[in-house]
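Input: a single structure, listed below in structure tokens.
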Amino acid sequence: MAARAGWKPGEIRSKMFRHTYCAARLQTLDQGAPVSVYTAAKEMGHGGESMVRRVYGHLGQVRHRADAVEYRIEQYTAKLGGRLEALRSVGFVTTCVITGLDSQLVRVSDVAVTPRA
């Protein structure tokens, strides 16, 4: 599916999404409470929290957490725009909320790529 959407072999891997998910999860709130390393480890399928603590542990110390984590993507906007359109053309529905065209921010919690029903 990735090749049909325009990505070259090896250019996109599921590990990239796992890394983004875990990093964002440790910086967000779940029903008003910080997400623990233990919770993130279980959600990712790890038997314990040592791996997550070793790789992402510093993110658990973030003092300001929010319901959504924002990443600046201005250097990727043009490239992502074409790729998102390519995913749409091969049967995926993409939803992405961009917070203002001037700030070029994407809320991770508002991005979804799902098979078209």
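Sequential numbering from 1083 applies to the sequence shown in my numbering. In this text, a Cβ means the ideal position worked out from N, Cα and C, and glycines have one as well.
For this session: Please classify Ala1085: does DSSP put it in a helix, a strand, or coil?
Result: For this step, residue 1085 is matched to residue 3 along the sequence shown. Looking at Ala1085 - three-state DSSP - the assignment turns out to be coil, as it is neither helix nor strand.
For this session: Name the residue from Asp1112, Lys1097 and Ala1106 whose alpha carbon lies nearest to the alpha carbon of Gly1139.
Result: On the sequence shown, residue 1139 is found 57 positions in, with the first residue counted as 1. Residue Ala1106 is the option with its Cα nearest to Gly1139.
Problem set entry | Counterpart residues of Ala1115 in DSSP-defined beta bridges | Walking along the sequence shown from the start, residue 1115 turns up at place 33. Looking at the DSSP assignment, Ala1115 forms a beta bridge with Asp1112.
Exercise. What is the DSSP secondary structure of Lys1097, counted as helix, strand or coil?
Worked result: Translated into the one-based positions of the sequence shown, residue 1097 becomes position 15. Here Lys1097 sits in helix by DSSP.
Exercise. Which residues in the same chain have their Cβ closer than 6 Å to the Cβ of Ala1123, if we skip the five residues on either side of it in sequence?
Worked result: The residue you call residue 1123 lines up with position 41 of the sequence shown. Result list for Ala1123: Glu1131 and Val1134, in chain order.
Exercise. Hey, how far is the Cα of Tyr1120 from the Cα of Lys1090?
Worked result: Counting from 1 along the sequence shown, the entry for residue 1120 is found at position 38. Counting from 1 along the sequence shown, the entry for residue 1090 is found at position 8. Spanning the two alpha carbons is a distance of roughly 35 Å.
Problem set entry | Buried versus exposed, by CB contacts within 10 Å (16 or more), Leu1111 | Taking the first residue of the sequence shown as 1, we reach residue 1111 at position 29. Exposed is the call here.
Exercise. If you measure from the beta carbon of His1140 to each beta carbon in chain C, is any gap under 8 Å?
Worked result: Absent here is chain C; the protein component of the structure consists of one chain.
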